[in-house]
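Comments concern the structure below.
2 protein chains.
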Amino acid sequence: MWVYELSEKEGVLEKGTREGEIEGKVKVKVLSSGINRRDIWIKKGLYPGIKYPAVLGSDACVSYENKTYLLNPNIDWGSNPMVPQETYSILGLEHDGCFAEHVWVTSDRLFKVPAHLNIEEAGVLGLAGLTAYRALCSNCKVTKNDRVFINGIGGAVAQNAMLFALAIGCEVHVSSSSGDKIEQAIQMGATAGCSYKEENWGKNYKKKEGGFDVIIDSAGGRGFKELINLCNIGGRIGIYGGTRGNITDLSPQHLFFKQIHIFGSTMGNDVEFHQMLELVKTHKIRPVIDTVFNIHDINKAFEYAVDKERFGKIALQHD
Amino acid sequence: MWVYELSEKEGVLEKGTREGEIEGKVKVKVLSSGINRRDIWIKKGLYPGIKYPAVLGSDACVSYENKTYLLNPNIDWGSNPMVPQETYSILGLEHDGCFAEHVWVTSDRLFKVPAHLNIEEAGVLGLAGLTAYRALCSNCKVTKNDRVFINGIGGAVAQNAMLFALAIGCEVHVSSSSGDKIEQAIQMGATAGCSYKEENWGKNYKKKEGGFDVIIDSAGGRGFKELINLCNIGGRIGIYGGTRGNITDLSPQHLFFKQIHIFGSTMGNDVEFHQMLELVKTHKIRPVIDTVFNIHDINKAFEYAVDKERFGKIALQHD
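Residue numbers (our numbering), protein chains in the order written: chain C, 1 to 319; chain B, 1 to 319.
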């Protein structure tokens, strides 16, 4: 079977081959896969525990014994729903991932594809859907009466969080540096949005639009204090990324007088994966795809993946 | 009836009088009261919404119709267990508080004193016990298998949190700038402790003693990152104060990779007050008292209250 593998930091993905069987796992044919930010970080060498050569790719829609499945990217989460056990990993590092002709997984990683999704949509849902579900539903425990703010609507987890919150019945607002992305979010059901570039943007947006009960963030950084300003008393903030670096001025007084809860999370457990799929199925939610590439153009796809104008996932069609 | 009232920022408490009745409330005789850090902040003028003249004092053991009660300092929390309603206040600002001969409260603020407590202990438990309970039990959901770290064991909330965690069966470690206070905590049941003054103290203490599942903090500041270092994967941090100012270098990556939850809280709802008293009763927990003053020496008591060497509450005996 062929694979695309990364042999060094910042390298290109080169076609290689893998032979042999893996005990306890089944070999499934990859129909489509998706690029995650995780793959981009690993390619740059900026991820804990990288080993070369690596076959990346955590998400896929696959075929096994003439049926189509979607992969759960968790490997060995373990029995504690709150945190993964030490042996936990994510498909695509250290286990060979989905940018390949076939992938070896335990059969309990195969989940039925919700009927309304096409092969490309099923192949980009797993990791970002799971991360969004844990942050929004398990941690922030969003309900339909919550006003939800998604900070930075350009990312796939953010977009899934928006779609999930809308499906649940929440009023959702978003931020972006791009007016176009805010417009696209509004077309998908968001009420309104704002730029996070201006000074005091959070305070000003709260004055204009009111406060928020649930805020989903992947930036951190100096702007995090504006999320605290945006936050209602009793608000919950789910954070799953840190593209803007360390949070530099978080007031404890704001945290405790406003009774704010901050939940760090990444990925989610297998029960959450199942619940996420149920939510997607019930509300016929479709993950946002920007572009579909052929798997053999994977290096082009990675180049395009860092384009800031993109809105939605990059899917890869396998032959 | 006489009261001790504050007429200006940084003023002394002067004896005055109050007359008249308050509709819907009962007049109860104060047997003992206690000074909280809140009273000290108000006296300094550093608290939201101060109005002069103010009769401070949120905690008391009282007598009403020949029975002894302990006061719940919450006024009008409202129906949402997560957050108080807008009309919420704490006894002692804006409603006249307990540094007085009598205090007017609604009769549902009167709680039976756990039998093992003396009058002074009952008069210092309420506010600090409630705040500790919400942070430790409701928010961090501590269980006996959790390793607990209390940052800054000098404060009353911290001491109650330690006592509650010990009663629940946890292994508890503490920090302080004072070796004496660490020693006192160990005598009360803590396993060990460390100074928070050294560079990298959290990282070093984790190496030596292992990580912690639940951390209780009232400092914030630059040192908060050491609490993140101390924290186990899946750890919970309850923060109810900010004596060291803004948190200045909180890594989002640490928050989400370690699945850390941070809970800001202050006070707690009426159900939590009841639960706190049950815990105190069941385990015969006694709040720590440093010194008992006579109420008429209240200005001396306030001067002593800021003494950094003190370990435990300052109780005030009323005539």
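Note that the Cβ used here is the ideal one computed from N, Cα and C, for glycine as well.
**OP:** Return helix, strand or coil for Glu5 of chain C, following the three-state DSSP convention.
**Re:** Numbered from its first residue, the first sequence carries residue 5 of chain C at position 5. Of the three classes helix, strand and coil, the one that applies to Glu5 of chain C here is strand, per DSSP.
Subject >> Range covered by the alpha helix (DSSP H) that runs through Trp104 of chain B >> reply: If you number the second sequence from 1, residue 104 of chain B lands on position 104. Element bounds for Trp104 of chain B: not the alpha helix (DSSP H) but the beta strand (DSSP E), 102 to 105.
Subject >> Beta-bridge pairing of Tyr64 of chain B - partner residues as DSSP gives them >> reply: Counted from its first residue, the second sequence places residue 64 of chain B at position 64. Paired residue(s): B:Lys67.
Subject >> Leu46 of chain B (DSSP reduced to helix, strand or coil) >> reply: For the purposes of this step, residue 46 of chain B is taken as the residue at position 46 of the second sequence. DSSP places Leu46 of chain B in coil when its eight states are reduced to three.
**OP:** Tell me whether Val148 of chain C sits in a helix, a strand or coil according to DSSP, three-state version.
**Re:** Stepping through the first sequence from its first residue, residue 148 of chain C is reached at position 148. Residue state, collapsed to three classes: strand.
Subject >> Residue-level contact to chain C via CB, His261 of chain B, 8 Å cutoff >> reply: In the second sequence, the residue the question calls residue 261 of chain B occupies position 261. It does; some Cβ of chain C falls within 8 Å.
Original post:
Do you know how far the Cα of Asp146 of chain C is from the Cα of Asp213 of chain C?
Top reply: For this step, residue 213 of chain C is matched to residue 213 along the first sequence. For this step, residue 146 of chain C is matched to residue 146 along the first sequence. For Asp213 of chain C and Asp146 of chain C, the distance between alpha carbons rounds to 5 Å.
Subject >> Within chain B, the residues that Pro252 of chain C reaches when beta carbons sit closer than 9 Å >> reply: The count along the first sequence starts at 1 and reaches residue 252 of chain C at position 252. Here the neighbours are Asp217, Ser218, Ala219, Gly220, Gly221, Phe224, Ile239, Tyr240, Gly241, Gly242, Thr243, Arg244, Gly245, Asn246, Ile247, Gly264.
**OP:** Might you give, ordered along the chain, the residues of its own chain that have their beta carbon closer than 7 Å to the beta carbon of Ala305 of chain B, omitting 5 neighbours on each side?
**Re:** Within the second sequence, residue 305 of chain B is the residue found at index 305, counting from 1. Short of 7 Å from the beta carbon of Ala305 of chain B, and not among the five residues preceding or following it, lie these beta carbons of its own chain, in chain order: Ile35, Ile40, Ile314.
**OP:** Determine the chain C residues that contact Met340 of chain B at a beta-carbon separation under 8 Å, and present them in chain order.
**Re:** The structure shown does not extend to residue 340 of chain B, since chain B is modelled only from 1 to 319, so the question has no answer here.
Original post:
What residues are listed by DSSP as bridge partners for Ile215 of chain C?
Top reply: For the purposes of this step, residue 215 of chain C is identified with residue 215 of the first sequence, where counting begins at 1. DSSP, once it has assigned bridges, lists C:Phe149, C:Ile237 as partnering Ile215 of chain C.
Original post:
Whose C-beta lies closer than 7 Å to the C-beta of Leu70 of chain B among residues of the same chain, with five residues either side of it excluded?
Top reply: As a working mapping, residue 70 of chain B is identified with position 70 in the second sequence. Excluding sequence neighbours, Leu70 of chain B sits near Cys61, Phe111, Val113, Ala122, Leu125, Gly126.
Original post:
Do the CB positions of Ser218 of chain C and Gly312 of chain C come within less than 8 Å of each other?
Top reply: Your numbering for residue 218 of chain C matches position 218 in the first sequence. Your numbering for residue 312 of chain C matches position 312 in the first sequence. Their beta carbons are not under 8 Å apart, which means Ser218 of chain C does not touch Gly312 of chain C by this criterion.
Original post:
Roughly how many angstroms lie between the CA atoms of Ser251 of chain B and Trp77 of chain C, to the nearest whole one?
Top reply: Stepping through the second sequence from its first residue, residue 251 of chain B is reached at position 251. Stepping through the first sequence from its first residue, residue 77 of chain C is reached at position 77. Computed Cα separation, rounded: 24 Å.
Original post:
Which residue from C:His283, C:His102, C:Pro48 puts its Cα closest to that of Thr323 of chain C?
Top reply: This structure cannot speak to residue 323 of chain C, because chain C is shown only from 1 to 319.
Original post:
Hey, is the stretch 189 to 197 of chain C in contact with the stretch 18 to 26 of chain B, meaning 3+ C-beta pairs nearer than 8 Å?
Top reply: Flag = no, the stretch 189 to 197 of chain C and the stretch 18 to 26 of chain B do not touch.
**OP:** Measure how close the beta-carbons of Val12 of chain C and Asn229 of chain C come, nearest whole angstrom, since I'm counting them as under 8 Å.
**Re:** Against the first sequence, residue 12 of chain C aligns to sequence position 12. Against the first sequence, residue 229 of chain C aligns to sequence position 229. The Cβ separation is near 44 Å, so there is no contact.
**OP:** Less than 8 Å between the CB atoms is what I'm expecting for Asn139 of chain C and Phe263 of chain C, so what's the real figure, rounded?
**Re:** Numbered from 1 along the first sequence, position 139 holds the residue referred to as residue 139 of chain C. Numbered from 1 along the first sequence, position 263 holds the residue referred to as residue 263 of chain C. Yes, Asn139 of chain C and Phe263 of chain C are in contact; Cβ-Cβ is about 4 Å, under 8 Å.
Original post:
When you check each C-beta in the stretch 97 to 123 of chain B against every C-beta of chain C, which residues fall closer than 7 Å?
Top reply: none
**OP:** Just grab the DSSP bridge partners of Ala315 of chain B for me.
**Re:** Within the second sequence, the letter at position 315 stands for residue 315 of chain B. Note: Ala315 of chain B is bridge-paired with B:Gly34, B:Val292 in the DSSP secondary-structure output.
Subject >> Any chain B beta carbon closer than 8 Å to Phe273 of chain C >> reply: On the first sequence, position 273 is the one that residue 273 of chain C refers to. By the rule that beta-carbons nearer than 8 Å mark a contact, Phe273 of chain C does not touch chain B.
Subject >> Closer than 8 Å to chain C by CB, Phe256 of chain B >> reply: By one-based count along the second sequence, residue 256 of chain B stands at place 256. Yes, contact with chain C.
Original post:
Cβ of Ile75 of chain C within 8 Å of Cβ of His95 of chain C?
Top reply: Taking the first residue of the first sequence as position 1, residue 75 of chain C is located at position 75. Taking the first residue of the first sequence as position 1, residue 95 of chain C is located at position 95. A contact, by the Cβ cut-off of 8 Å.
Original post:
Helix, strand or coil: how does DSSP classify Thr17 of chain B here?
Top reply: One-based indexing of the second sequence puts residue 17 of chain B at position 17. Thr17 of chain B falls in the strand class under three-state DSSP.
Original post:
Is Thr248 of chain C closer than 8 Å to Asp249 of chain B when the C-beta atoms are compared?
Top reply: Your numbering for residue 249 of chain B matches position 249 in the second sequence. Your numbering for residue 248 of chain C matches position 248 in the first sequence. Against a cut-off of 8 Å, the Cβ pair of Thr248 of chain C and Asp249 of chain B comes out as a contact.
Original post:
Sorted by chain position, which residues of the same chain lie with C-beta nearer than 7 Å to Lys144 of chain B's C-beta, five sequence neighbours on each side aside?
Top reply: Taking the second sequence and counting its residues from 1, the one referred to as residue 144 of chain B is at position 144. Excluding residues within five positions, the ones whose Cβ falls inside 7 Å are Ile168, Gly169, Cys170.
Subject >> Gly372 of chain C vs Leu130 of chain C beta-carbon contact at 8 Å >> reply: This structure cannot speak to residue 372 of chain C, because chain C is shown only from 1 to 319.
Original post:
Looking only at C-alpha atoms, which of C:Asp297, C:Ala132, C:Ile289 sits nearest to Leu117 of chain C?
Top reply: Sequence index remark: in the first sequence, residue 117 of chain C carries index 117 (1-based). That would be C:Ile289, whose Cα lies nearest to the Cα of Leu117 of chain C.
**OP:** Ignore the nearest five residues each way along the sequence and tell me which others in Asn160 of chain C's own chain have a CB closer than 6 Å to its CB.
**Re:** Along the first sequence, one-based indexing puts residue 160 of chain C at 160. Cβ neighbours of Asn160 of chain C beyond the five flanking positions: Ala128, Gly129, Ala132.
**OP:** Return the chain-ordered ranges of every alpha helix (DSSP H) run that is complete within the stretch 221 to 287 of chain C and spans a minimum of 4 residues.
**Re:** 224 to 230, 252 to 257, 270 to 282
Original post:
Of the choices C:Gln317, C:Glu309, C:Ser7, whose alpha-carbon is the least far from that of Ser326 of chain C?
Top reply: Given a span of 1 to 319 for chain C in the structure shown, any question on residue 326 of chain C remains unanswerable.
Original post:
Rounded to the nearest angstrom, how far is the Cβ of Pro53 of chain C from that of Glu5 of chain C, given a contact under 8 Å?
Top reply: If you number the first sequence from 1, residue 53 of chain C lands on position 53. If you number the first sequence from 1, residue 5 of chain C lands on position 5. With 8 Å as the limit, Pro53 of chain C and Glu5 of chain C qualify as a contact, their Cβ atoms being about 4 Å apart.
Subject >> Residues near Tyr240 of chain C in its chain [Cβ-Cβ closer than 7 Å; skip 5 each side] >> reply: Here residue 240 of chain C refers to the residue found at position 240 when the first sequence is read from its first residue. Same-chain partners within the cutoff: Thr131, Ala135, Val157, Ser218, Ser265, Thr266.
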